[in-house]
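Residue numbering for the sequence shown follows our numbering, beginning at 1110 and increasing consecutively. Positions of the beta carbon are idealized from the N, C-alpha and C atoms, including for glycine. What follows is a set of notes on a single structure, which appears directly below.
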Amino acid sequence: MTPRRIGVVVLACLIPIGLAACGRTHSGLGRLTVTGDSTLTRLHGSPQKATSGADLHAGDRVQVASGEAVVNLHGGVLHLRSGADLVVDATPHLNGGSILVQPSGAGISVAAQRGTLVVPKGVAQLAVGSATANLTAKVYTAVSQLDITGNPAVSIAAPRQVTLTPDTRLPVTAGPLQYQADDAWDRLYLGSAMSVSDQLAAAANGFNAQLSATEGSDPSFYQQLVPALNSRPDFVAAFSAAQHAQPLAGSPAAKPGDYLIASVIALRANGGSLINRLNDELLFHAQGANWGFVALDQGVSDLTGVLNDLLGAIGRASLPITGAPPSQLAIGPPPTIATTPTTRPPTRSTTPPATTAPRVTVPPATPTPTTNPLTIPAPSQSPPGILGGLLNPLLDPLINALNNILGGHH
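This is how it looks when you write it as structure tokens:
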């Protein structure tokens, strides 16, 4: 055999070995990355401490005692946190705990005791308790599907969830996602929406508190507060339809603040008619969704813009000014006399106009050869404005009392 042929044979032998090695490296269903304390149990093997870089094959079981673990699949990534118990397979099976599903290709399906969560794209969480406890599927972005054994599949559009318990009556429908502040994944994907939701709710509650029972029932009221609604000729019909649709759906009556927020979100939403937007928003909110989630459901990502729109609308409202309780009355500096005319409209003061208190003149004491009683004269000029009206009634009795004491009158 010539040297050249020897080289060819050697190369021919090395190529299959290399391919086989490469095939072994990628022959598994996934690869494991570990941060913390996890256990890997091979099929027909015994538990061992899990290490990063381990290839995962069908039947391998990953259990996370503390920290986190990541299973990189061909179609995406599964994030496991403390308490997760996952069996790797063509369709991984979650025995317990919580995982975060992030597909990057054709999608990922994860089975559990009562069904299978199918995540074509986006991000979703699947959580399982004991064999008889809850199964919860939360969808943070896009749309997932929960296939429940023996029942129709349930579509779950973000931000919604489905929870199954032993008492759940099937079939079920997805409801608003129940945000948990102690859930790191909830905070990661929906924390900012919750923050804006709290501010929207506070502004709406304050707005409602300032209105009379007869205000906010006419679409023209909202057109004055949100000028952009005047360019939508379908708003009047949409508002009327929303008012009539709520009782039919069994929803509680919306308040003016609800209509105002829904109108602001509808102007920023994409897709669907204005009538459908208002109806869907108010219905979703009545089901328990906060306003930030309602905006996300309508495809609105600029939640800060929604808040700014709402505050601007409330700022255009001519609302009555409520007086502060006496214990919270703040007295500012005495007013100054304006030397130039102003075009600012006069403001209504909630403090009664100052009145001049009756002034008691303290006569000088009658001189005697031995004593000259000391007297305290009343101020010759009272402080101007509100301050004088408040101080005079307090100072005058005090001056009288002191003069009586100094003058020997008891």
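9 Å Cβ cutoff met for residue i and residue j
i	j	result
Asp1198	Gly1206	no
Lys1158	Leu1165	no
Gln1308	Leu1416	yes
Ala1267	Leu1405	yes
Asp1389	Val1335	no
Val1173	Gly1192	yes
Ala1178	Thr1200	no
Ala1351	Ile1384	yes
Arg1386	Ala1293	no
Ala1310	Phe1402	no
Asp1327	Arg1377	no
Arg1296	Gly1284	no
Gly1137	Gly1184	no
Ala1243	Leu1286	The question names Ala, yet the displayed sequence has Asn at residue 1243. No.
Ala1337	Ile1423	no
Gly1168	Val1196	yes
Ile1265	Ala1236	no
Continuous beta strand (DSSP E) stretch holding residue i: start and end
i	result
Ser1175	Arg1170 to Leu1182
Pro1212	His1202 to Pro1212
Pro1261	Counting along the chain, Pro1261 falls outside any beta strand (DSSP E), and DSSP gives it neither H nor E.
Arg1190	Gly1185 to Arg1190
Pro1229	Here Pro1229 belongs to no beta strand (DSSP E), and DSSP marks it neither H nor E.
Val1252	Val1252 to Ile1257
Ser1427	Ser1427 -> no beta strand (DSSP E), and no H or E assigned at all.
Ala1220	Ile1217 to Ala1220
First and last residue of the uninterrupted alpha helix (DSSP H) at residue i
i	result
Thr1282	No alpha helix (DSSP H) holds Thr1282; DSSP gives it neither H nor E.
Val1415	Leu1412 to Gly1424
Leu1405	Trp1400 to Asp1406
Alpha-carbon spacing of residue i relative to residue j, whole angstroms
i	j	result
Gln1222	Asn1314	43 Å
Ser1175	Gln1289	20 Å
Gly1231	Leu1187	13 Å
Gly1139	Phe1316	54 Å
Pro1365	Leu1182	49 Å
Gly1421	Tyr1249	30 Å
Ser1155	Ala1163	15 Å
Thr1277	Val1271	10 Å
Ala1398	Leu1152	44 Å
Gly1224	Asp1256	5 Å
Val1373	Gly1408	13 Å
Val1171	Val1210	16 Å
Gln1332	Gly1380	22 Å
Ser1161	Leu1203	20 Å
Thr1282	Val1228	17 Å
Pro1275	Asp1343	46 Å
Thr1520	Thr1323	With the chain covering only 1110 through 1519, there is no way to say anything about residue 1520.
Phe1348	Leu1320	19 Å
Pro1212	Ala1318	46 Å
Leu1496	Ala1426	Residue confidence is low: Leu1496 scores 37 on pLDDT, short of 50, so the model does not pin down where it sits. Its coordinate-derived value is still stated next. Approximately 31 Å, taken between the alpha carbons.
Ala1262	Phe1330	43 Å
Leu1279	Asn1339	45 Å
Tyr1368	Ala1375	10 Å
Gln1396	His1353	17 Å
Ser1382	Val1345	13 Å
Ser1147	Ala1371	47 Å
Gly1300	Ile1208	19 Å
Ser1218	Lys1247	14 Å
Phe1393	Leu1141	40 Å
Paired residues, beta bridge with residue i - DSSP
i	result
Lys1364	DSSP, once it has assigned bridges, lists no residue as partnering Lys1364.
Leu1244	Val1237 and Leu1273
Gln1157	Leu1149
Leu1391	Bridge partners of Leu1391: none, in fact.
Asp1194	Gln1172 and Gly1205
Val1143	Ala1178
Leu1165	Gly1139
Ala1266	Val1252
Practice task
At 3 residues or longer, and completely inside the region 1319-1388: list those beta strand (DSSP E) runs for me, N to C.
Solution key: none
Problem - 4-residue-minimum alpha helix (DSSP H) runs that sit fully inside the region 1286-1324, ordered along the chain - result: 1293-1319
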